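Chemist: Residue numbers (the working numbering), protein chains in the order written: chain A, 1 to 113; chain B, 114 to 227.
All C-beta atoms, glycine included, are put in the ideal place defined by N, C-alpha and C.
Please read these numbers as outputs of a predicted model, since none were measured by experiment.
Please see the structure below; I have some questions.
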Amino acid sequence: AQSVTQPDIHITVSEGASLELRCNYSYGATPYLFWYVQSPGQGLQLLLKYFSGDTLVQGIKGFEAEFKRSQSSFNLRKPSVHWSDAAEYFCAHLTGNTDKLIFGTGTRLQVFP
Amino acid sequence: DTEVTQTPKHLVMGMTNKKSLKCEQHMGHRAMYWYKQKAKKPPELMFVYSYEKLSINESVPSRFSPECPNSSLLNLHLHALQPEDSALYLCASSQPDRDAYGYTFGSGTRLTVV
Numbered sequence: 001a002q003s004v005t006q007p008d009i010h011i012t013v014s015e016g017a018s019l020e021l022r023c024n025y026s027y028g029a030t031p032y033l034f035w036y037v038q039s040p041g042q043g044l045q046l047l048l049k050y051f052s053g054d055t056l057v058q059g060i061k062g063f064e065a066e067f068k069r070s071q072s073s074f075n076l077r078k079p080s081v082h083w084s085d086a087a088e089y090f091c092a093h094l095t096g097n098t099d100k101l102i103f104g105t106g107t108r109l110q111v112f113p
Numbered sequence: 114d115t116e117v118t119q120t121p122k123h124l125v126m127g128m129t130n131k132k133s134l135k136c137e138q139h140m141g142h143r144a145m146y147w148y149k150q151k152a153k154k155p156p157e158l159m160f161v162y163s164y165e166k167l168s169i170n171e172s173v174p175s176r177f178s179p180e181c182p183n184s185s186l187l188n189l190h191l192h193a194l195q196p197e198d199s200a201l202y203l204c205a206s207s208q209p210d211r212d213a214y215g216y217t218f219g220s221g222t223r224l225t226v227v
């Protein structure tokens, strides 16, 4: 079945350090991939998305992600993390020809001053 | 207007009550969604409406009844819920055109069933 996997449940970084959150997908064709962020008790905000074309995608809040077909990955990166980036991050994908957006299990990011 | 508005933000209901959750968007999106999110878990899709018609029901129990009165509104009617239905209920909308895809989520309704 089509799915996305986030191997890291919890990541802790220092403020100002670089960040990479991992997302692996299993799908034959090029998937539609997304990264969302959720602050505690809040809804989800779209950071960026990839459908096709340039494999390096720029998003909001200084985030970027790179689609690597050879590694079946779509990792999220940020060169310098701010304390306000502490949140839950979800990788997601659209399944097949449906309107179903399916989420990975999430990675909780903690930022230390 | 680039928001999805959900009301109420918090709801406490008994197992014999009937209540409704409301979701509204004015972005012209033609697809709307209900998701359920338990604590420390990812959102799980419940229903999809596309052009005001129910297109996907993820085998959700009948005690949850969705309704899409028009292209801007989505309701979720609740009846005879169980304590395990306590969760954050998220509404989202999007254009059903894949190349324009990008769900916009509301901030959710925190539901507690007692």
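1. Tell me Q150/B's beta-bridge partners as DSSP assigns them.
2. Rounded to whole angstroms, what's the CA-CA distance from H123/B to G221/B? Just pull it up for me.
3. Report back the beta-carbon spacing between F209/B and F103/A to the nearest angstrom; my notes put them in contact at under 8 Å.
4. Below 9 Å on C-beta distance, what does L46/A contact in chain B?
5. Taking the alpha-carbon positions, what's the L56/A to L101/A distance?
6. If I follow the unbroken beta strand (DSSP E) through L109/A, where does it start and stop?
7. Return the residues of the region 84-95 of chain A that lie within a Cβ-Cβ distance of less than 7 Å from chain B, sorted by chain order.
8. Between the beta-carbon of S163/B and the beta-carbon of R176/B, is there less than 8 Å?
9. What distance in whole Å lies between the Cβ atoms of S199/B and L224/B, which are believed to be in contact at a cut-off of 8 Å?
10. Looking only at its own chain, which residues have a Cβ that is under 6 Å from the Cβ of F51/A, when we skip the five neighbours before and after it?
11. Out of M128/B, G127/B, S172/B, point me to the one whose CA is closest to K149/B's CA.
12. Compare the C-beta of G53/A with all C-beta atoms of chain B and state if any pair is closer than 8 Å.
13. So, helix, strand or coil for P196/B, using DSSP?
14. Quick one: any contact between the region 186-205 of chain B and the region 11-20 of chain A, if contact means 3 or more CB pairs under 8 Å?
15. With a threshold of 7 Å (Cβ to nearest heavy atom), would K78/A be considered close to the ligand FAD?
16. Considering only their Cβ atoms, is the gap separating L201/B from F218/B smaller than 8 Å?
17. Using the beta-carbon count (16 or more within 10 Å), is W147/B buried or exposed?
18. Starting from N183/B, follow the beta strand (DSSP E) in both directions and report where the run begins and ends.
19. Can you pull the chain B neighbours of Q58/A, defined as C-beta to C-beta under 9 Å?
20. Which first and last residues belong to the beta strand (DSSP E) in which C23/A is found?
21. Quick check on this structure: which residue in L76/A, S84/A, Y27/A has the alpha carbon closest to the alpha carbon of F63/A?
22. Please tell me whether P209/B has its Cβ less than 8 Å away from any Cβ of chain A.
23. Buried or exposed, going by whether 16 or more other CB atoms sit within 10 Å of the CB of G106/A?
Modeler: Well, looking at it:
1. L201/B
2. 9 Å
3. Going by the sequence as given, residue 209/B is Pro instead of Phe. That pair is no contact at about 19 Å.
4. G215, Y216, T217, F218
5. 21 Å
6. 107-112
7. F90, L94
8. no
9. 6 Å
10. Y32
11. S172/B
12. no
13. helix
14. no
15. Among the ligands in the structure shown, none appear at all, so the ligand FAD cannot be discussed.
16. no
17. buried
18. 177-183
19. Within chain B, no residue comes near Q58/A; the closest Cβ sits about 14 Å away, beyond 9 Å.
20. Per DSSP, C23/A belongs to no beta strand (DSSP E) and is neither H nor E.
21. L76/A
22. yes
23. buried
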